[in-house]
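Structure record follows, encoded as structure tokens.
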Amino acid sequence: MTQPVAMTTPAPELASTEPAGHEPANNVQPGNSPEQLLAQLSPAEKVAMLHQHSPGVQRLGIAAYQTGTEGAHGVAWLGKATVFPQPVGLAATWDEDLLQRVGDAVGREVRAKRQENPSISLNVWAPVVNPLRHPLWGRNEEGFSEDPVLTGQLAGAFCHGLRGNDPARWQTVPTLKHFLGYNNEVDRNVSSSQLRARVLHEYELPAYSTPIAGGAVGAVMLSYNLVNGMPAHVSDLVAEHLRQWPGGADLAIVTDAGAPTSLYKAEKYFPDAPAAYAAALLAGVDNFTDDGDDSAPSSAHLEAALERGLITMDDVDASVLRMLRLRAATGEFGEEIHAAQSGADVAEQAGAHRALAREAAAKSVVLLANNAIPTAAEGSTAAPLLPLPEDPGPVAVIGALGTHVLTDWYSGTPEYELSVAVGLGEIYPSVQTVGGHDVVALRSIRTGRYLGTAAENESLAASSATAGADQLFELQDWGGGEVTLRARGNSRLLAAGNDGYLYPSATRVGGWIVQETFRLHRDSDGSVRLQHVGTGKWVHIEAHTGSALLVAGDIEVADRFTLRIQENGLEAVAAAAAQASVAVVVVGNDPHLGGRETLDRSTLELSQRDQEMVRVAREANPNTVLVIVSSYPYALGDLADTPAIVWTSHAGQELGHGVADVLSGTVEPYGRLPQTWFAHDDDLPDILDYDIISGGGTYQYSRAEPLYPMGHGLGYSTVKYSDFLVTDHGDAWLEASLTVRNTGDRELAELVQIYAAAPDHRFEFPRRLLLGHARVMLAAGEERVVKVAIARERLATFSVTSLAMLTEPGEYIFLAGRSAQDLPLSASLVLTGAGSCDREPGDTVRAEHFDAAHGLELVPETHLAGTAITVASGHRSALAYYKNWSALPAGPGELRVLDGGSGGVSFERAGAAGTWLPWLTVEVPLGSGGVINFDLPTVVNGLPADLRVGISGDVTLVALRLGKH
Numbered sequence: 000m001t002q003p004v005a006m007t008t009p010a011p012e013l014a015s016t017e018p019a020g021h022e023p024a025n026n027v028q029p030g031n032s033p034e035q036l037l038a039q040l041s042p043a044e045k046v047a048m049l050h051q052h053s054p055g056v057q058r059l060g061i062a063a064y065q066t067g068t069e070g071a072h073g074v075a076w077l078g079k080a081t082v083f084p085q086p087v088g089l090a091a092t093w094d095e096d097l098l099q100r101v102g103d104a105v106g107r108e109v110r111a112k113r114q115e116n117p118s119i120s121l122n123v124w125a126p127v128v129n130p131l132r133h134p135l136w137g138r139n140e141e142g143f144s145e146d147p148v149l150t151g152q153l154a155g156a157f158c159h160g161l162r163g164n165d166p167a168r169w170q171t172v173p174t175l176k177h178f179l180g181y182n183n184e185v186d187r188n189v190s191s192s193q194l195r196a197r198v199l200h201e202y203e204l205p206a207y208s209t210p211i212a213g214g215a216v217g218a219v220m221l222s223y224n225l226v227n228g229m230p231a232h233v234s235d236l237v238a239e240h241l242r243q244w245p246g247g248a249d250l251a252i253v254t255d256a257g258a259p260t261s262l263y264k265a266e267k268y269f270p271d272a273p274a275a276y277a278a279a280l281l282a283g284v285d286n287f288t289d290d291g292d293d294s295a296p297s298s299a300h301l302e303a304a305l306e307r308g309l310i311t312m313d314d315v316d317a318s319v320l321r322m323l324r325l326r327a328a329t330g331e332f333g334e335e336i337h338a339a340q341s342g343a344d345v346a347e348q349a350g351a352h353r354a355l356a357r358e359a360a361a362k363s364v365v366l367l368a369n370n371a372i373p374t375a376a377e378g379s380t381a382a383p384l385l386p387l388p389e390d391p392g393p394v395a396v397i398g399a400l401g402t403h404v405l406t407d408w409y410s411g412t413p414e415y416e417l418s419v420a421v422g423l424g425e426i427y428p429s430v431q432t433v434g435g436h437d438v439v440a441l442r443s444i445r446t447g448r449y450l451g452t453a454a455e456n457e458s459l460a461a462s463s464a465t466a467g468a469d470q471l472f473e474l475q476d477w478g479g480g481e482v483t484l485r486a487r488g489n490s491r492l493l494a495a496g497n498d499g500y501l502y503p504s505a506t507r508v509g510g511w512i513v514q515e516t517f518r519l520h521r522d523s524d525g526s527v528r529l530q531h532v533g534t535g536k537w538v539h540i541e542a543h544t545g546s547a548l549l550v551a552g553d554i555e556v557a558d559r560f561t562l563r564i565q566e567n568g569l570e571a572v573a574a575a576a577a578q579a580s581v582a583v584v585v586v587g588n589d590p591h592l593g594g595r596e597t598l599d600r601s602t603l604e605l606s607q608r609d610q611e612m613v614r615v616a617r618e619a620n621p622n623t624v625l626v627i628v629s630s631y632p633y634a635l636g637d638l639a640d641t642p643a644i645v646w647t648s649h650a651g652q653e654l655g656h657g658v659a660d661v662l663s664g665t666v667e668p669y670g671r672l673p674q675t676w677f678a679h680d681d682d683l684p685d686i687l688d689y690d691i692i693s694g695g696g697t698y699q700y701s702r703a704e705p706l707y708p709m710g711h712g713l714g715y716s717t718v719k720y721s722d723f724l725v726t727d728h729g730d731a732w733l734e735a736s737l738t739v740r741n742t743g744d745r746e747l748a749e750l751v752q753i754y755a756a757a758p759d760h761r762f763e764f765p766r767r768l769l770l771g772h773a774r775v776m777l778a779a780g781e782e783r784v785v786k787v788a789i790a791r792e793r794l795a796t797f798s799v800t801s802l803a804m805l806t807e808p809g810e811y812i813f814l815a816g817r818s819a820q821d822l823p824l825s826a827s828l829v830l831t832g833a834g835s836c837d838r839e840p841g842d843t844v845r846a847e848h849f850d851a852a853h854g855l856e857l858v859p860e861t862h863l864a865g866t867a868i869t870v871a872s873g874h875r876s877a878l879a880y881y882k883n884w885s886a887l888p889a890g891p892g893e894l895r896v897l898d899g900g901s902g903g904v905s906f907e908r909a910g911a912a913g914t915w916l917p918w919l920t921v922e923v924p925l926g927s928g929g930v931i932n933f934d935l936p937t938v939v940n941g942l943p944a945d946l947r948v949g950i951s952g953d954v955t956l957v958a959l960r961l962g963k964h
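So for the sequence shown, numbering that gives the first Met the number 0 puts the first residue at 0; every next one is plus one.
See below:
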């Protein structure tokens, strides 16, 4: 079995029975080991344990259990907790030590929650390790990096923190999400991620294998989508890869919420629930998350599968044992004693976690641009705008995100929130804020009355003849046609109540289905109609009461309103910027709008309102700092000319301190981009195109000139790289060595990055491939030699001829610098060793192992195993290239196809100068039986031994053989 890269250290088992004379592992006491508990359970009790909410077994002292506590960047959905930066922000630190400390803090808080409520699970559903392949993915905020190995390394550090340092007991049990090939929300339950062999082995699997190899992963969650036409929840990739890795056999596999039902409803892959549940269990699923906390339906489906002989009790036992071991690892079945923490201990931990949150928030800030501003003297320039001086004069913080701290779907409830304006206000004495939104009044044309209300518990009504304070709303445009309306009277957002009326009741945008957003539909006469986004209903003013009610129907049921702009937000921005010495404009996204789980973004652009706000501020004051607070990258267009630009994710409760610490220079810029910021929407492949090699995806294969490349981030000092050398140690390790000098007058937190290229590689090697990195702190004028160890296997590609990850012999170009684009130093090294074999006459070549392809689709060979190729929907034919044959033989050959289709398979051999020469066309008739024999004519020697195979019609090709066995 081919092992993915970065498999170096076996992962320990979660729990097992120790030999006689040894203390039981994980605090499991004699008689209560997972194996012994399993032996005492009845069949019905075992089946019940396969659901996320399993009942207790009182006679055995087994408590009721819930699988899963959310903890992506803090304990979520369980009340107040420390909220750290979003995972993509944590990844911007490129700091494994920091992520481990954050993971440890999250694990400690999960344990503390469990002390308060023993039903809270110590199985943490985090981190997300899907590589950030496409920046329009709605869940971009939840991942780490577009590089899979960097993702795996950072995730592994976070997992080690969650796991804790006690070798005998896991603090919590981390769960990697979501296996496999999941990077789109559009049609996520029914779309098929096309993962050709190279993309699967080089890009997808390492994000999982890397942290699993570290030994701190206890579970894996499967993804909603299909992979190569087969639902991930029944995919043979679990058994073929994940279960084969060191430690993989003991991992508990959990479903994503509702995914089991999707198998037979949305995906329609199975005829009914018992068949779907049985297939998932046999594929490796140990725990079913379906029907909320009601375990009865899942138990009934599994019981039916047992009765029909689709599964056996041995299959059930294997999964139950893994779940018992997961629970035993945390000490649940032993002497799990939790002494109540003293008030001093609680205060000390809270203080430490607040300090850690501030450190993480500051270190995740990325300085994207910091340019000098022209002065009045011709040809001269001032110093860069950042860091701000000790006394910059009046500072204007502009934009709603400057005064608000927004949290996402997987955030906890922070104990406190510090906005950018508050953070800067603690440093500078004169900080003024302006939201930048319009303040409006809405007058019903039909009734002549203005909408308003006096209190959050009173519904909205058009009842006032004048627009007083209770009839004013702050109109915030979030882009994509969505706006929010915040009542001026009580500072609450308008939201739909359960009764269908509108209330100024929400403190924030939130909820699985957002209730706080509206669309303004403008009529030709300038009037507007309001549509509630969450329900699609229209705002209608009731007769007599004047109440604003949401009603279904077409636009004609909606009342028309005149929109009076009482205060012009852009005019306020211009005035505030003009009166300030420095304008700090804060823009970005609300994590619940525009892109999030179930919703991909449609564009890289900032909202038009945010763009205009930046332009207005910049025109009024050239000393403008653009602060982007967002869950994902943006294309900035002409806004990239703003003198100073910084980015941070939604960094949690310490957002304001983090940004202010960097803007003021109290903390040196530390963050570096974990993913590329592309300049244009056109630079991106389609979000459903998972073939990063042929589609030109990510920093590895894209040929687009990025706005800001992978790894980009500036400091407040200058740096010089020199004396680059790469040495082959011959023991599976290379070493890159270079000298780094701080040539400025401030401390520098430099991130040295090493990349590779291989223009003459046998296969298409990435244009850039991140090999390693090292952080070095340099005082002003300091010079240091930096050494970066590189595993030789990091250069490996998946050989479609040898069917293994191999580092091909040949010349590699190593590059050193500050990002994937800023690479001033290079060195070449010729690596030797065994490379890929050639394809030989008589070999059976699986169709899926092509070198390149056009117009084809990867589909299941059988219902639950294997991969074949066929013509993709919308294409008349498909082409697959199979290169590097030792020779193209004449004589007998064989095709294996799926029976039931008809069409043709053509063979072409490589000609001169990139041409292709017809060789043979084989007709595939209906009822062929799955095997087609043919004879190939003689080949002219002296041409490349490469083959191109064309498929037409309904043919599904499984394998081919040229020549005799």
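Heads up, the beta-carbon is just placed ideally off N, CA and C, and yes, glycines get one too.
For residue i, the first and last residue of its enclosing alpha helix (DSSP H)
i	result
Leu281	272 to 282
His531	It is not in any alpha helix (DSSP H) - His531 instead sits in the beta strand (DSSP E) that spans 527 to 531.
Val572	568 to 578
Gly965	Lying outside 0 to 964, the shown extent of the chain, residue 965 is not represented and no answer is given.
Val829	Note, Val829: premise wrong, no alpha helix (DSSP H); beta strand (DSSP E) at 824 to 830.
Glu457	No alpha helix (DSSP H) contains Glu457, which DSSP labels as neither H nor E.
Gly424	419 to 424
Glu34	33 to 39
Endpoints, the beta strand (DSSP E) within which residue i is located
i	result
Glu907	902 to 909
Ala851	851 to 853
Met709	Here Met709 belongs to no beta strand (DSSP E), and DSSP marks it neither H nor E.
Glu922	915 to 923
Gln431	430 to 433
Beta-carbon contacts of residue i that lie in its chain and below 8 Å, excluding the five residues immediately before and after
i	result
Glu556	Before going on, a small fix: residue 556 reads as Val here, not Glu. Correct list, in chain order: Trp537, His539, Val550.
Ile686	His133, Leu135, Trp136, Asn182, Asn183, Val185, Asp599
Residue i burial status per 10 Å Cβ neighbour count (16 or more: buried)
i	result
Ser546	buried
Gly151	buried
Gly20	Here Gly20 scores only 33 on pLDDT, less than 50, and its place in the model is too uncertain to base an answer on.
Tyr415	exposed
Asn26	Here Asn26 scores only 45 on pLDDT, less than 50, and its place in the model is too uncertain to base an answer on.
Own chain partners of residue i with C-beta closer than 7 Å, once the 5 adjacent residues on each side are dropped
i	result
Pro42	Met312
Ser504	Glu455, Arg491, Ala494
Thr937	Ala889
Leu733	Val725, Thr726, Asp727, Ile789, Arg791
Lys112	Val74, Leu77, Ile119
Ala577	Ala619, Asn620
Cβ separation of residue i and residue j, assumed to be a contact under 8 Å, to the nearest whole Å
i	j	result
Pro859	Gly435	Wrong, their Cβ atoms sit about 52 Å apart, outside the cutoff.
Val739	Val718	6 Å
Leu400	Val586	6 Å
Ser827	Glu810	6 Å
Close-in-space but distant-in-sequence residues of the same chain around residue i (CB under 6 Å, 5 per side omitted)
i	result
Pro632	Pro134, Trp676
Gly480	Arg518
Restricting to runs no shorter than 4 residues, where is the alpha helix (DSSP H) found entirely within the segment 224 to 267? 236 to 239, 258 to 263
Pick out the complete alpha helix (DSSP H) segments inside the segment 106 to 187, 4 residues or longer, and give them in chain order. Within the segment 106 to 187, the complete alpha helix (DSSP H) segments of 4 residues or longer fall at 147 to 162, listed in chain order.
Would you list, in sequence order, the uninterrupted beta strand (DSSP E) runs of no fewer than 3 residues that lie entirely inside the segment 716 to 788? 718 to 727, 732 to 741, 747 to 756, 768 to 777
Can you list, in chain order, the stretches of the beta strand (DSSP E) that have 3 or more residues and sit fully within the segment 347 to 386? 365 to 369, 371 to 373, 380 to 383
Restricting to runs no shorter than 4 residues, where is the alpha helix (DSSP H) found entirely within the segment 576 to 646? 607 to 619
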